[in-house]
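**Q** Numbering (our numbering), first residue to last: 6 to 229.
Glycine residues also receive a C-beta, built at the ideal position from the N, C-alpha and C atoms.
Quantities reported herein were computed from a predicted structural model and do not represent experimental measurements.
Here it is as structure tokens:
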């Protein structure tokens, strides 16, 4: 779900590309045989969408990834590379096996990219407040009632989503304000000049799993 306060970035700038280009990430799902690649390779030959995840076991993060994945086939068809980057290996196998993300997947062990982007971390009190009172977070919890999750990993780190043109020019930057913020699939398509009406009849979101995305049940706060 998109939060208006989460939109940021100076469109047309090369600042983000310069900050990220030499950061190495571990390949989990993606082309090639190299175990480690530099983030700058993602935009060398084509535009790219890069989604920085909070943590793999986060229930609403998995739901957000499923929702965003509705746009991925259309982005790829238009020649846009689609990449997600996580910050550790905790919950990785379940995330991959669950089919929550339909694009490439990498690990930024050490959070170098997160630090380069100056992505914020929030406090436990802020997490508790958002879970209890933030409308965006509460709606996302309801929307992901059938998505399995766990508490493993860094639950305080916020993520971001970047749309970059070939060569690294920034098209759009979306930074999380709450733990539930993510761009809608319609927004993702629009950032690359694709008509969002192509989404009609596509992959289901967090409540269903037409293609991937387990419909596991989740009981209790341990799944948040």
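Could you give the first and the last residue of the continuous beta strand (DSSP E) run that contains residue 192?
**A** Position 187 of the chain shown, counted from the first residue, corresponds to residue 192. Element bounds for residue 192: not the beta strand (DSSP E) but the alpha helix (DSSP H), 190–196.
**Q** Measure from the alpha carbon of residue 132 to the alpha carbon of each residue in 154, 159 and 113, then state which is nearest.
**A** The sequence position of residue 132 within the chain shown is 127, counting from 1. That would be 159, whose Cα lies nearest to the Cα of residue 132.
**Q** Which whole runs of the beta strand (DSSP E) in the segment 77–161 are 3 residues long or more, in chain order?
**A** List check, beta strand (DSSP E) in window: 86–91 and 109–112.
**Q** Counting only C-beta atoms, is residue 177 closer than 8 Å to chain B at any point?
**A** No chain B appears in this structure, which consists of one protein chain only.
**Q** From which residue to which residue does the beta strand (DSSP E) around residue 43 run?
**A** If you number the chain shown from 1, residue 43 lands on position 38. Where residue 43 is concerned, the enclosing beta strand (DSSP E) stretches over 41–43.
**Q** Quick check: the Cα distance between residue 128 and residue 92, rounded to an integer number of angstroms?
**A** In the chain shown, the residue the question calls residue 128 occupies position 123. In the chain shown, the residue the question calls residue 92 occupies position 87. Cα-Cα distance, rounded: 18 Å.
**Q** Distance, Cα to Cα, residue 154 vs residue 62?
**A** On the chain shown, position 149 is the one that residue 154 refers to. On the chain shown, position 57 is the one that residue 62 refers to. For residue 154 and residue 62, the distance between alpha carbons rounds to 5 Å.
**Q** From residue 157 to residue 30, what distance separates their C-alpha atoms?
**A** The residue labelled residue 157 in the question sits at position 152 within the chain shown. The residue labelled residue 30 in the question sits at position 25 within the chain shown. Distance between the alpha carbons of residue 157 and residue 30 is about 21 Å.
**Q** Tell me, to the nearest whole angstrom, how far the beta carbon of residue 15 is from that of residue 167; I am working on the premise that it is less than 8 Å.
**A** Within the chain shown, numbered from 1, the residue matching residue 15 stands at position 10. Within the chain shown, numbered from 1, the residue matching residue 167 stands at position 162. Incorrect: roughly 12 Å between the Cβ atoms, too far for contact.
**Q** Between residue 119 and residue 57, how many whole angstroms is the CB-CB distance? I'm expecting something under 8 Å.
**A** Working through the chain shown from its first residue, we reach residue 119 at position 114. Working through the chain shown from its first residue, we reach residue 57 at position 52. Right, the Cβ-Cβ distance comes to about 7 Å (below 8 Å), so this counts as a contact.
**Q** What residues match up with residue 175 in a beta bridge as DSSP calls it?
**A** Sequence index remark: in the chain shown, residue 175 carries index 170 (1-based). Bridge partners of residue 175: 169.
**Q** DSSP three-state call for residue 47: helix, strand or coil?
**A** Locating residue 47 in the chain shown gives position 42, where the first residue counts as 1. It is helical.
**Q** So if DSSP puts residue 187 in a beta bridge, which residue, or which two residues, is it bridged to?
**A** Mapped onto the chain shown, residue 187 falls at position 182. None, per the DSSP bridge assignment.
**Q** Taking the alpha carbon of residue 28 as the point to measure from, which residue in 35, 90, 79 and 81 has its own alpha carbon closest?
**A** Counted from its first residue, the chain shown places residue 28 at position 23. Looking at the Cα atoms, 90 is the closest of the given residues.
**Q** From this set, 173, 114 and 203, which residue's C-alpha is nearest residue 18's C-alpha?
**A** For this step, residue 18 is matched to residue 13 along the chain shown. Of the candidates 173, 114 and 203, the one whose C-alpha sits nearest the C-alpha of residue 18 is 173.
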